[in-house]
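Undergrad: Once you've had a glance at the structure underneath, I'll fire off some questions.
There are 2 protein chains.
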Amino acid sequence: MTADHVFAALASPARRRLLRLLLDEGAQPAGRLAVRFDMSRPSVSEHLKVLKDAGLVAESRRGRERHYRLEAGPLMEIREWLTPYERFWRERLSALSTLLDEMDDLGPDDEHGPDGLNGRNGEQPHV
Amino acid sequence: MTADHVFAALASPARRRLLRLLLDEGAQPAGRLAVRFDMSRPSVSEHLKVLKDAGLVAESRRGRERHYRLEAGPLMEIREWLTPYERFWRERLSALSTLLDEMDDLGPDDEHGPDGLNGRNGEQPHV
DNA sequence: ACTATATGTAGGATTTTTCCTACGCATCAA
DNA sequence: TTGATGCGTAGGAAAAATCCTACATATAGT
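What follows is the structure, given as structure tokens:
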């Protein structure tokens with residue numbers, strides 16, 4: 457439920473694969489998910505529990521089956537957590553292109569066109 | 457260097473805090489980062505190593521200090537990994553608002569205005 | 001050359017994670 | 001009711017992560 461739980465849950469490749477399966481194929485009973493893994497069914501069941509505790513999946517009981525569905529909310533919180541780093545990333549990119557421009561001014565050694573995707577006009581942070 | 461390494465690196469609160477410090481305050485020598493933690497300096501040093509192996513920080517030696525700087529590229533790959541889930545998330549949202557509209561049609565019990573941020577007009581996936 | 005500083009590495013204790021098999025519980029079908 | 005099916009939990013072994021205290025290395029200053 458906390459960000460800690462979400463990050464910890466995403467640390468396992470098996471759990472990330474579970475999320476992807478639920479995304480691509482929709483909600484499914486636990487057993488149908490488990491057969492895809494090179495791992496015992498109870499182990500998959502525990503992974504599902506970790507995902508559930510992190511709020512990444514929800515379960516609904518239907519007869520003797522338990523259907524798990526993706527709950528993408530926490531992933532959007534991860535996305536928000538990443539946002540400030542995106543700003544940093546863009547600034548690095550524009551700093552790089554500024555540097556390339558300066559190199560062009562000093563002495564163009566070849567004629568590779570400027571293929572940057574941004575306008576080469578940002579502030580330049582810690583380089 | 458792989459996505460596995462990046463997700464695993466982000467699983468530790470201490471390492472996420474290191475990244476945040478480097479983002480907010482810029483590159484710093486290892487020792488200056490370490491004093492902020494309720495943990496021995498060598499332990500912080502190992503966390504920095506994990507981050508470096510994941511490509512999340514880079515080090516540059518300056519005299520007897522080692523400055524660590526944020527390397528945001530891998531975080532942008534995480535962002536891309538999240539993208540398909542964002543689509544799923546939006547579809548859920550619009551499905552919810554569609555549902556709310558139907559409830560309005562059947563019998564409006566109060567007059568809360570529709571405060572959804574989207575137009576309530578998407579496809580409705582697995583609800 | 002000698003000492004102090006900045007930092008990584010070694011080795012180990014402790015905790016956590018991961019995975020298994022065995023079992024219990026609920027549901028469906030005869 | 002009886003037997004099969006779907007699934008979680010218990011208990012434990014093995015592996016990995018976490019954190020510590022020495023210790024080694026390299027640079028700076030005197």
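Keeping their order, the protein sequence lines are chains A and B. Sequential numbering of the first sequence, starting at 457, is according to my numbering. Sequential numbering of the second sequence, starting at 457, is according to my numbering. Every residue, glycine too, gets a C-beta built ideally from N, C-alpha and C. Model, not experiment: these values are computed from the prediction.
1) Which chain B residues sit within Cβ distance under 7 angstroms of A:ASP457?
2) Examine the Cβ distances between the stretch 493-500 of chain B and the stretch 506-522 of chain A and report whether three or more of them are shorter than 8 angstroms.
3) Quick check: the stretch 523-536 of chain A against the stretch 524-539 of chain B, are there 3 or more CB pairs under 8 angstroms?
4) By the 10 Å Cβ neighbour count, where 16 or more other Cβ atoms means buried, how is A:VAL491 classified, buried or exposed?
5) Which residues, in order along the stretch 545-561 of chain B, keep a beta-carbon less than 8 angstroms from a beta-carbon of chain A?
6) Judging by CA-CA distance, which residue of A:ALA483, A:VAL506 and A:ASP460 is the nearest neighbour of A:ALA470?
7) Between A:ALA459 and the rest of its own chain, which residues show a CB-CB distance below 7 angstroms, the 5 nearest in sequence each way excluded?
8) Pull up the distance between the alpha-carbon of B:VAL583 and that of A:GLY529, whole angstroms please.
9) Between B:PHE544 and A:LEU526, is the Cβ-Cβ spacing less than 8 angstroms?
10) Tell me which residue opens and which closes the beta strand (DSSP E) that B:ALA514 is part of.
11) Taking A:LEU489 and A:LEU474 to be in contact with their CB atoms under 8 angstroms, please state how far apart those CB atoms are, rounded to whole angstroms.
12) With a 10 Å radius around its C-beta and 16 neighbouring C-beta atoms as the bar for buried, classify A:LEU512 as buried or exposed.
13) Whole angstroms are fine: how far does the CA of A:GLY482 sit from the CA of B:GLU419?
14) DSSP state of A:ARG492, grouped into three classes?
15) What distance in whole Å lies between the Cβ atoms of A:LEU504 and A:ALA486, which are believed to be in contact at a cut-off of 8 angstroms?
16) What are the boundary residues of the alpha helix (DSSP H) that B:GLU481 is part of?
17) What does DSSP give as the partner residue(s) for A:LEU526 in the beta ladder?
18) In angstroms with no decimal places, state the Cα-to-Cα distance between A:HIS461 and A:ASP509.
TA: This is what the structure gives:
1) Here residue 457 of chain A is Met; the residue named in the question, Asp, does not match the sequence. What A:MET457 touches in chain B: nothing, since even the nearest Cβ is about 15 angstroms away.
2) no
3) yes
4) exposed
5) TRP545 and ARG548
6) A:VAL506
7) Excluding positions up to five away in sequence, the list reads GLU533 and TRP537.
8) Summary for B:VAL583: the model assigns pLDDT 38, below 50, so the residue's position carries little reliability; its value from the coordinates is reported in the next sentence. C-alpha separation (whole angstroms): 14 angstroms.
9) yes
10) 513-518
11) 6 angstroms between Cβ atoms; contact.
12) buried
13) What the structure shows of chain B is the stretch from 457 to 583, and residue 419 of chain B is not part of that stretch, so it cannot be assessed.
14) coil
15) 6 angstroms
16) 469-481
17) DSSP, once it has assigned bridges, lists A:VAL513 as partnering A:LEU526.
18) 7 angstroms
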